[in-house]
Ligand SMILES: NC(=O)c1ccc[n+]([C@@H]2O[C@H](COP(=O)([O-])OP(=O)(O)OC[C@H]3O[C@@H](n4cnc5c(N)ncnc54)[C@H](OP(=O)(O)O)[C@@H]3O)[C@@H](O)[C@H]2O)c1
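So this is what it looks like as C-alpha cells:
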C-alpha cells in the first residue's frame, strides 16, 4: 500500500473530523493540528476504531513560527506530506462597521496567511517527489458576503484567490492545488453533512494531473 501522510491544519468536530476519516480511508496517516488538541481528544476514538495512524500537534495557524515548527515535527515523525488540508478559520462574527482593523489583520493571518505558510512548507517536498495535493476549505462568503461576518468573508475571498494563484503558478506540475467552497452551513444529516462534503476533497485528491480542478463548489 502506498504511504500517504495527510496534514490537516484546523482539526475539530465538523469538517476536520470528517476529513480525517475520509483521508484515513484513503490510506493516509493523519497529522492533526489545532491550538488545543486536548479539547478534541474525544474525537480521536472513531479514528482509532478504524486503526488509522493519528498524531496531534498544537499550533496556532496564525503564528508562522509555531505553525512551521508543528508542520516540521509532523513530517519528521510521520513522513513528508502527500496531502495538506488547510481548514482553520478565525470566526469573528462582526459587521464591518464594528470590526477593528487590528482584528481583521489578526484574523487574516489565520484565514489566509497560515495557508500560504503551510503550503510553502510542504510544497518543496511535493515537487521533489512529483506528487502532492493541497486543498483549502473555502466558504460561500467568498462570493456572497454576509455583513455579520465581514472578516471571515474577506478571509474566504482571499483564500480562494490564493488557491487560484498557486494553481496558476504550479500548472503543469504534478502538485494539485484546490479549494472546496462550502456554500452552506455544515450540519450532520443534511446535504451539508461533513462526511458528504469531505468526499469532494477526496474527488479532487484522486484526480490525475490531466484532470486537476482548482475549485469544487459544494452547494
Ligand atoms: N461550519 C460551517 O457551517 C462552515 C460553512 C462553510 C465553510 N466552513 C469552513 O469549514 C472549515 C471548518 O469549519 P468547521 O466548523 O467544520 O470546524 P471544525 O473542522 O469542526 O474545526 C476547525 C478547528 O480549527 C481549529 N482552529 C481554529 N482556529 C485555529 C488556529 N488559529 N490555529 C489552529 N487551529 C485552529 C479549532 O480547534 P482549536 O480551537 O483547538 O484551535 C477548530 O476545532 C472552516 O474553514 C470554515 O470556514 C464551515
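Residue numbers (this note's numbering): 596 to 814. Think of the CB as a built atom: it goes at the ideal place given N, C-alpha and C, for glycine as much as any other residue. Being a predicted model, the structure only gives us computed values, none of them experimental.
Excluding the five sequence neighbours on either side, which residues of its own chain have a C-beta within less than 7 angstroms of the C-beta of residue 722, listed in chain order? Cβ neighbours of residue 722 beyond the five flanking positions: 768 and 770.
Are the beta-carbon atoms of residue 605 and residue 656 separated by less than 8 angstroms? The Cβ-Cβ distance between residue 605 and residue 656 falls below 8 angstroms.
Can you tell me which of the three DSSP states residue 797 falls into? Residue state for residue 797 is assigned as helix, using DSSP reduced to three classes.
In the DSSP output, which residue or residues are listed as bridge partners for residue 812? According to DSSP, residue 812 bridges with 776.
Backbone CA spacing between residue 812 and residue 737 [nearest angstrom]: Taking the straight line joining both Cα atoms gives about 11 angstroms.
Relative to ligand 3, is the shortest distance from any of its heavy atoms to the C-beta of residue 732 smaller than 7 angstroms? Ligand 3 is not among the ligands present in this structure, which contains only ligand 1.
Considering only C-alpha positions, which residue in the set 625, 648, 645 and 652 is nearest to residue 634? Here the closest residue by C-alpha is 652.
Where the beta strand (DSSP E) through residue 629 begins and ends: Here the beta strand (DSSP E) through residue 629 covers 623-629.
On a Cα-Cα basis, can you pick out the residue from 808, 612, 784 and 741 that is closest to residue 690? Nearest C-alpha to residue 690: 741.
Using the DSSP secondary-structure output, state which residues sit across from residue 728 in a beta bridge. Beta-bridge pairing links residue 728 to 678 and 771.
Minimum C-alpha distance to residue 719 - residue among 756, 688, 707 and 679: Of 756, 688, 707 and 679, the smallest CA-CA separation from residue 719 is found for 679.
Counting only the same chain and skipping the five closest in sequence on each side, list residues whose C-beta sits under 6 angstroms from that of residue 712. Hits under 6 angstroms: 659 and 662.
In angstroms with no decimal places, state the Cα-to-Cα distance between residue 800 and residue 677. Those two C-alpha atoms are separated by around 10 angstroms.
Quick one: is the Cβ of residue 629 within less than 7 angstroms of any heavy atom of ligand 1? Taking 7 angstroms as the cut-off, the C-beta of residue 629 counts as close to a heavy atom of ligand 1.
Near ligand 1: residue 639 beta-carbon under 7 angstroms from a heavy atom: Answer for residue 639: no, Cβ out of range of ligand 1.
For residue 712: DSSP bridge partner residues: In DSSP, residue 712 forms no bridge with anything.
Run the proximity test for residue 615: is its beta-carbon closer than 7 angstroms to any non-hydrogen atom belonging to ligand 1? Not under cutoff, so the answer is no.
Cut-off 6 angstroms between Cβ atoms - residues of its own chain near residue 596, not counting five sequence neighbours on either side: Model confidence at residue 596 stands at a pLDDT of 45, short of 50, so the residue's coordinates are unreliable; what they give is reported in the following sentence. Setting aside the 5 residues that flank it on each side, residue 596 is surrounded in the same chain by 622, each with a C-beta closer than 6 angstroms to its C-beta; the list follows chain order.
Per-residue burial, residue 641 [other beta carbons within 10 Å of its own, 16 or more giving buried]: By the neighbour-count rule (16 or more Cβ atoms within 10 Å), residue 641 is not buried but exposed.
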